[in-house]
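What follows is one structure encoded as structure tokens, with my remarks underneath.
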Amino acid sequence: MTSPELGSTLAPAKKRPKAGIIAMVVVLVAAFGWLMMGNLDKNVVFFLTPNELLAKGTEAIDVPVRLGGQVKAGTVTWDEKALDLRFDVVDTDGKGTIHVQSKGAPPQMFRDGMGVVCEGRFGADSVFQSTMLIIKHSNEYRAPKAGEKPQEMYKSLMKGSGS
Amino acid sequence: MTAAAAFTLEVPKSGRWPIFGWFAVLFLAGAQITAFAISPPDRDMGDLQKILYVHVPAAWNMGICYLLVAIYSFRYLWKRDDRDDLIAASAAEVGTLLNGLTLVLGMIWARPTWGVWWVWDARLTSTLIMFLVFAGYLALRAFVEEPDRRALWSAVAGIMGAINYPIVYMSVRWWRTIHQVQSTPSTLDPTYTFSLRLNAVAVLFILIYFIRRRYEAALTERVTEQLSQAAALGGPLHA
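Have a look at this one:
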């Protein structure tokens with residue numbers, strides 16, 4: 006391949022391992038795929054839904070957990086001075102309400118009906134104490150309807166970036 | 011000499027390939043007009059939605075790069091043609107670039123919308139793992155000196171890395187994640203879909219142009235190596 010001398014010594018040796026290498030690759034690929042599919046399929050759950058959390062009963066009390074659902078419309082109360090945010094999270098089927106208390110300003114997109122994931126603990130008093138609030142956005146992107154104004158998030162972000 | 015003659019390497023000519031660079035410039039310019047002047051801001055996100063136009067094309071095109079890595083790595087294992095190894099390596103470099111871009115743009119997008127820079131959900135974690143595998147692939151190429159061994163190991167590593175892409179793509183459907191599932195034309199405003207596709211085609215042209223230029227550079231480098239090797243061994247410069 007390079008010079009005639011090198012080519013004549015390398016060429017026969019290069020042909021032999023072909024089938025072995027391909028077989029090795031196939032086995033590795035299959036093993037890797039099996040591991041990914043078999044082991045991770047049911048275990049990788051980033052958050053529990055309200056129904057799942059409630060179904061756990063006392064087992065779920067006061068252990069670190071992530072709760073994910075929708076902000077129930079009309080339940081949001083926000084105390085600006087105390088930075089105290091309270092709202093209810095419901096499952097997508099509208100059942101399984103859990104009260105959530107969160108400290109600090111919520112992300113800009115937090116509003117009624119928005120998907121959220123809260124990191125924290127479910128207290129014995131049936132209030133979920135959230136230490137971190139993450140927005141779970143849907144895959145929908147829409148232009149504002151006639152007369153509707155788009156959110157100007159980047160502007161309000163700059164204003165409130167200190168908090 | 012006869013066995014080697016089949017894959018004699020020559021310095022490549024650019025030919026008509028640079029035209030893809032011009033296509034890229036043209037499509038990028040057009041895509042910016044539709045993205046910024048024509049498509050309205052999203053009703054929830056405002057102008058932050060525009061990150062969609064680079065984040066998603068980067069992610070899609072990274073898949074095309076990794077598919078090329080897989081195809082040419084397999085072809086190298088089959089034919090043992092050095093050119094396949096160099097094409098796979100060029101595609102891997104561009105793929106890693108787009109993979110990094112996907113991650114960084116995703117983080118920039120996540121901070122103001124989700125409220126966090128990063129979460130360890132299945133989508134983000136698998137995308138990061140894929141990035142690290144290909145960073146490892148490029149490191150492997152840099153550290154292994156002997157060309158045949160480098161090509162062989164890289165081919166195996168490249169295939170292993172490329173398998174990650176379908177996993178990354180399907181992760182939002184297989185597992186419960188913060189990252190939303192793929193948007194479809196029915197969940198996107200039509201003007202968004204148009205701008206997104208235009209940008210995706212622009213990035214595709216960039217990808218073709220980059221991979222070709224990188225391949226030309228890699229092949230030129232290889233030919234130079236071989237000529238100097240042949241000269242050092244006292245053989246003729248042109249076998």
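Just so you know, the sequences run in chain order A and B. For what it's worth, this note's numbering labels the leading residue of the first sequence as 6, then goes sequentially. For what it's worth, this note's numbering labels the leading residue of the second sequence as 11, then goes sequentially. We put the beta carbon where it would ideally sit given N, CA and C, even for glycine.
| Query | Result |
| --- | --- |
| Between which two residues does the alpha helix (DSSP H) containing M127 (chain A) stretch? | A small fix is needed here, since residue 127 (chain A) is Phe in this sequence, not Met. Segment G120 to F127 is the beta strand (DSSP E) holding F127 (chain A); no alpha helix (DSSP H) there. |
| Taking only beta carbons into account, state which residues of the region 126-152 of chain A come closer than 8 Å to chain B, listed in chain order. | M137, L138, I139, I140, K141, H142, S143, N144, E145, Y146, R147, A148, P149 and K150 |
| If you draw a straight line from the C-alpha of V64 (chain B) to the C-alpha of A241 (chain B), how long is it? | 48 Å |
| Looking at A151 (chain A): is its Cβ nearer than 8 Å to the Cβ of D117 (chain A)? | no |
| Taking all protein chains shown into account, do 16 or more other C-beta atoms lie within 10 angstroms of the C-beta of M140 (chain B), making it buried, or fewer, making it exposed? | buried |
| I'd like the ranges of any alpha helix (DSSP H) spanning at least 4 consecutive residues and lying wholly in the region 47-105 of chain B. | 62-89 |
| Report back the beta-carbon spacing between V121 (chain A) and G73 (chain A) to the nearest angstrom; my notes put them in contact at under 8 Å. | 7 Å |
| Compare the C-beta of P112 (chain A) with all C-beta atoms of chain B and state if any pair is closer than 8 Å. | yes |
| For Y202 (chain B), would you say it is in contact with chain D, using Cβ-to-Cβ distances shorter than 8 Å as the test? | Absent here is chain D; the protein component of the structure consists of chains A and B. |
| Among B:I29, B:L208 and B:R159, which has the Cα closest to the Cα of R223 (chain B)? | B:I29 |
| Using only CA atoms, which one of B:I169, B:N174 and B:I221 lies nearest to Y86 (chain B)? | B:I169 |
| Check the DSSP bridge columns for T82 (chain A) and list the partner residues they point to. | A:R91 |
| Identify every residue that forms a DSSP beta bridge with Y146 (chain A). | B:L198 |
| The alpha helix (DSSP H) with G171 (chain B) in it runs from where to where? | P157 to A172 |
| For L88 (chain A), count neighbouring Cβ atoms within 10 angstroms of its own Cβ and tell me buried if that reaches 16, exposed if not. | exposed |
| Alpha carbons only, please: which of B:A120, B:V233 and B:D54 is nearest the one belonging to P149 (chain A)? | B:D54 |
| Are the region 20-28 of chain B and the region 186-195 of chain B touching by the rule of at least three beta carbon pairs closer than 8 Å? | no |
| I'd like the list of long-range same chain contacts for S135 (chain A), defined as Cβ closer than 6 Å, with 5 residues on each side in sequence excluded. | V105, S107, C123 and G125 |
| Checking contacts by CB at 8 Å: is M170 (chain B) closer than that to chain A? | yes |
| Distance cutoff 8 Å, beta carbons only. Does F52 (chain A) sit that close to anything in chain B? | yes |
| Might you give, ordered along the chain, the residues of its own chain that have their beta carbon closer than 6 Å to the beta carbon of E226 (chain B), omitting 5 neighbours on each side? | P22 |
| Within 10 angstroms of the Cβ of A16 (chain B), are there 16 or more other Cβ atoms? Answer buried if so, exposed if not. | The predicted position of A16 (chain B) is uncertain, since its pLDDT is 47 and thus under 50; no value can be drawn from it. |
| What whole-angstrom Cβ distance do T201 (chain B) and P50 (chain B) have, given they're in contact under 8 Å? | 7 Å |
| How many whole angstroms separate the CB atoms of L229 (chain B) and L19 (chain B), which I take to be in contact at a CB cut-off of 8 Å? | 6 Å |
| Chain A partners of G125 (chain B), CB-CB under 7 Å? | P112, L138, I139 and I140 |
| For chain B, is any of its Cβ atoms less than 8 Å away from the one on G167 (chain A)? | For G167 (chain A), the predicted structure reports a pLDDT of 40, less than 50, and the residue's modelled location is therefore unreliable. A value from the coordinates is still provided. No, because no Cβ of chain B sits closer than 8 Å to the Cβ of G167 (chain A). |
| Which residue marks the beginning of the beta strand (DSSP E) containing T187 (chain B), and which one marks its end? | Where T187 (chain B) is concerned, there is no enclosing beta strand (DSSP E), given that its DSSP letter is neither H nor E. |
| Residues of the region 127-147 of chain B in Cβ contact with chain A at a cutoff of 7 Å, in chain order, please. | V129, D131 and A132 |
| What residues in its chain sit with their C-beta under 7 Å from that of D131 (chain B), if we drop five residues either side in the sequence? | T187, I188 and H189 |
| Report back the beta-carbon spacing between C75 (chain B) and V35 (chain B) to the nearest angstrom; my notes put them in contact at under 8 Å. | Not quite, the Cβ-Cβ distance comes to about 20 Å (not below 8 Å), so this is no contact. |
| With respect to the alpha helix (DSSP H) encompassing S24 (chain B), which residues constitute its N-terminal and C-terminal limits? | Here S24 (chain B) belongs to no alpha helix (DSSP H), and DSSP marks it neither H nor E. |
| Looking at chain A, is there any beta carbon in it that lies within less than 8 Å of the beta carbon of V66 (chain B)? | no |
| Pick from A:P69, A:W83 and A:D96: whose alpha carbon is nearest that of Q75 (chain A)? | A:D96 |
| Identify each residue in the region 28-56 of chain B for which the Cβ-Cβ distance to at least one residue of chain A is less than 9 Å, and report them in chain order. | S49, P50, P51, D52, R53, D54, M55 and G56 |
| Which of helix, strand or coil does DSSP assign to S135 (chain A)? | strand |
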